[in-house]
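Worksheet: the structure to be examined is printed underneath.
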Amino acid sequence: MQEPRGLRAWLTGLAPELAPDFVARSGNVRLFDADRDLERVLFASIPPARLGKRGRKVDDLWVKSSWLSDAENDGSLRVRVAFGRERDDDASGDLLRHRLVADLASRLFPESALVSANPALVQIVERMIGEPALFTQHIAYWNAPEGGALFHHDAFAEDEEESGRPGQLGVCYVQLSGRTAWLALSIEDLAVRVREFVECLAEGELPWVSAQLFPNEAARKRIEALVQYDDALVRELARPGCGLFAALVNRGPEFTAWLADAGHAAVLSPGDAILLPNHGLARTAMHSVFCAGDEVAYALSLAIRADREQTPFLVEETKVAPPRRTKP
Ligand SMILES: [Fe+2]
Numbered sequence: 001m002q003e004p005r006g007l008r009a010w011l012t013g014l015a016p017e018l019a020p021d022f023v024a025r026s027g028n029v030r031l032f033d034a035d036r037d038l039e040r041v042l043f044a045s046i047p048p049a050r051l052g053k054r055g056r057k058v059d060d061l062w063v064k065s066s067w068l069s070d071a072e073n074d075g076s077l078r079v080r081v082a083f084g085r086e087r088d089d090d091a092s093g094d095l096l097r098h099r100l101v102a103d104l105a106s107r108l109f110p111e112s113a114l115v116s117a118n119p120a121l122v123q124i125v126e127r128m129i130g131e132p133a134l135f136t137q138h139i140a141y142w143n144a145p146e147g148g149a150l151f152h153h154d155a156f157a158e159d160e161e162e163s164g165r166p167g168q169l170g171v172c173y174v175q176l177s178g179r180t181a182w183l184a185l186s187i188e189d190l191a192v193r194v195r196e197f198v199e200c201l202a203e204g205e206l207p208w209v210s211a212q213l214f215p216n217e218a219a220r221k222r223i224e225a226l227v228q229y230d231d232a233l234v235r236e237l238a239r240p241g242c243g244l245f246a247a248l249v250n251r252g253p254e255f256t257a258w259l260a261d262a263g264h265a266a267v268l269s270p271g272d273a274i275l276l277p278n279h280g281l282a283r284t285a286m287h288s289v290f291c292a293g294d295e296v297a298y299a300l301s302l303a304i305r306a307d308r309e310q311t312p313f314l315v316e317e318t319k320v321a322p323p324r325r326t327k328p
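Per the numbering used here, the sequence shown starts with residue 1, numbered consecutively.
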């Protein structure tokens, strides 16, 4: 994957698994993230012949390879399967295209059946979301030693329950080889821990951390004021890279140890899975993931959505029913 056209070469080798339902389109595709993206290949889905003219052709599925971070010397890679325009369609609820992505990804990564065809796991997820689950928008991760992802969430504004649309309900991550170290907690819990930590700094504890975090008194005052307001604090943490709190939540080791001591850390070994529930930006799971050990760690993450539509391959536009959820 790290070689030029490595993704297309890998996909070409898998073409027999994809035919006749999915066909790679030729030509170069514009890359979305110039710093991290390596290659993107578009796919067309060919509707089943039995549907005749009623079959809807979808030609904007894609598979993308990219570096996991823009940190120098981080060789971690990921391959993502999705559809449409990046960012604009990331939160799309188009169930047909989500199902096609799920089908395409299950052929590229047959090991994803360890999640999507795992009765025990599917049962847990469906009990939590209160309806049939669709696992889609697969991402394969190769976390290289010392590589990983800083604190972030996987939520979209469109996932808010108040929006009345079925959103992404969470993510299931499963470790397949190697080990990863996790910090994972609800955004509300992260807000509580950040407030505690800032109050501790304000009392003069860990002065070297204050010196590194706050370039001047104004910066310190701004953070101390922000942690006083629950909504503002959560909103800031939900911003890309955790906004003004980026340095505090990611710098470690003091805050990392603070979270670990509070029970928010875990090490995932092969066969372990972690569920990251999601109810929109203000109620989601914050997480940071790093390779733990000197072996490249391979894992898959799958988005969880409600699987509602009965006849998704037909031309009719997806009709979206209002969410019917039982309480978890
Ligand atoms: Fe994530």
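Using N, Cα and C, we set each Cβ at its ideal position, and we do this for glycine too.
Residue i beta carbon near ligand 1 (any heavy atom closer than 7 Å)
i: H264; result: no
i: D35; result: no
i: H287; result: yes
i: D154; result: yes
Expected contact under 8 Å - CB spacing of residue i and residue j to nearest Å
i: A238; j: I187; result: 6 Å
i: A105; j: T180; result: At roughly 20 Å, the Cβ-Cβ gap does not stay under 8 Å, so A105 and T180 are not in contact.
i: S116; j: L302; result: 7 Å
i: A306; j: P132; result: 7 Å
i: V171; j: D154; result: 5 Å
i: L233; j: R195; result: 7 Å
i: H98; j: L121; result: About 19 Å; that fails the 8 Å criterion.
i: F156; j: A91; result: 3 Å
Residue closest to residue i, alpha-carbon to alpha-carbon, out of the options
i: Q168; options: D33, S288, G263, H279; result: H279
i: G27; options: R80, W62, M128; result: W62
i: C291; options: P47, D89, A262, W142; result: W142
i: V58; options: S45, A120, G241; result: S45
i: R369; options: F22, R283, L42, D21; result: Any answer about residue 369 is impossible in this case: the structure gives the chain only from 1 up to 328.
i: A211; options: L248, D231, D89; result: L248
i: V289; options: V234, A299, E217; result: A299
i: N73; options: A144, L96, D231, E126; result: A144
i: A82; options: G75, L68, K64; result: K64
i: P48; options: L14, R40, F22; result: F22
i: L96; options: L14, R56, A257; result: R56
i: R25; options: D60, L38, G6; result: D60
i: A246; options: V101, P119, F151; result: F151
Beta-carbon proximity list for residue i, same chain, < 6 Å, skipping 5 on both sides
i: L18; result: R107
i: I139; result: R78, R80, S301
i: G241; result: none
i: R220; result: F214
Neighbourhood of residue i by C-beta distance below 8 Å, restricted to the same chain and skipping five residues each side
i: E316; result: Confidence at E316 is low in this model, with a pLDDT of 43, below 50, so the placement of that residue is unreliable and no value is reported for it.
i: D70; result: D35, R36
i: E111; result: L176, L300
i: V267; result: R179, T180, A181, W182, A292
Spatial neighbours of residue i in its chain, beta-carbon cut-off 7 Å, leaving aside the 5 residues before and after
i: A113; result: S106
i: S269; result: Q175, R179
i: V209; result: L201, E254
*With a floor of 4 residues, list each alpha helix (DSSP H) that falls wholly inside the segment 100-186, ordered by position along the chain.*
113-116, 119-129
*Would you mind listing the alpha helix (DSSP H) stretches within the segment 247-290 that are 4+ residues and don't spill past its ends, in chain order?*
Within the segment 247-290, the complete alpha helix (DSSP H) runs of at least 4 residues are 254-261.
*Entirely within the segment 9-60 and at least 3 residues each: give me those beta strand (DSSP E) ranges in chain order.*
22-24, 37-45
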